[in-house]
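Below you'll find the structure, written out as structure tokens, and then a few comments.
In this note's numbering, the protein residues as written are 14 to 104.
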């Protein structure tokens, strides 16, 4: 579930299966993706989190959840609010 700490990998994976079926990387064509996780979470169900800075000279950021291609590093971003809303509605 989404909580004050973030979204667990298992919940993000459920969201992805329901809303964003896996497709090959648009850059290199390889179909192998990995979750970006909180660097200090070594649990079997880690938190996933990231943020995009909203411009130069600002401390504002947009919370996102990300996947990256393990071959070339291309990243996919998913708005955290949408992911967390889906998790809340779908348990």
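Glycine included, every Cβ here is placed at the ideal spot set by N, Cα and C.
Every value quoted in this text rests on a predicted model; they were computed, and no experiment measured them.
**Q.** Inter-residue spacing [alpha-carbon to alpha-carbon] between residue 61 and residue 22
**A.** Computed Cα separation, rounded: 6 Å.
**Q.** Span separating the alpha-carbon of residue 89 from that of residue 79
**A.** Straight-line Cα distance between these residues: approximately 6 Å.
Q: Report the option in 64, 41, 37 whose CA atom is closest to the CA atom of residue 50.
A: Distances from the CA of residue 50 to each of 64, 41, 37 were compared; the closest alpha carbon is that of 64.
Q) What are the boundary residues of the beta strand (DSSP E) that includes residue 22? A) Taken as a continuous stretch (DSSP letters only), residue 22 belongs to no beta strand (DSSP E), being part of the alpha helix (DSSP H) at 22–32.
Q: Grab me the residues of residue 40's own chain with a C-beta within less than 8 Å of its C-beta, minus the 5 sequence neighbours each way, in chain order.
A: Excluding sequence neighbours, residue 40 sits near 82, 85, 87.
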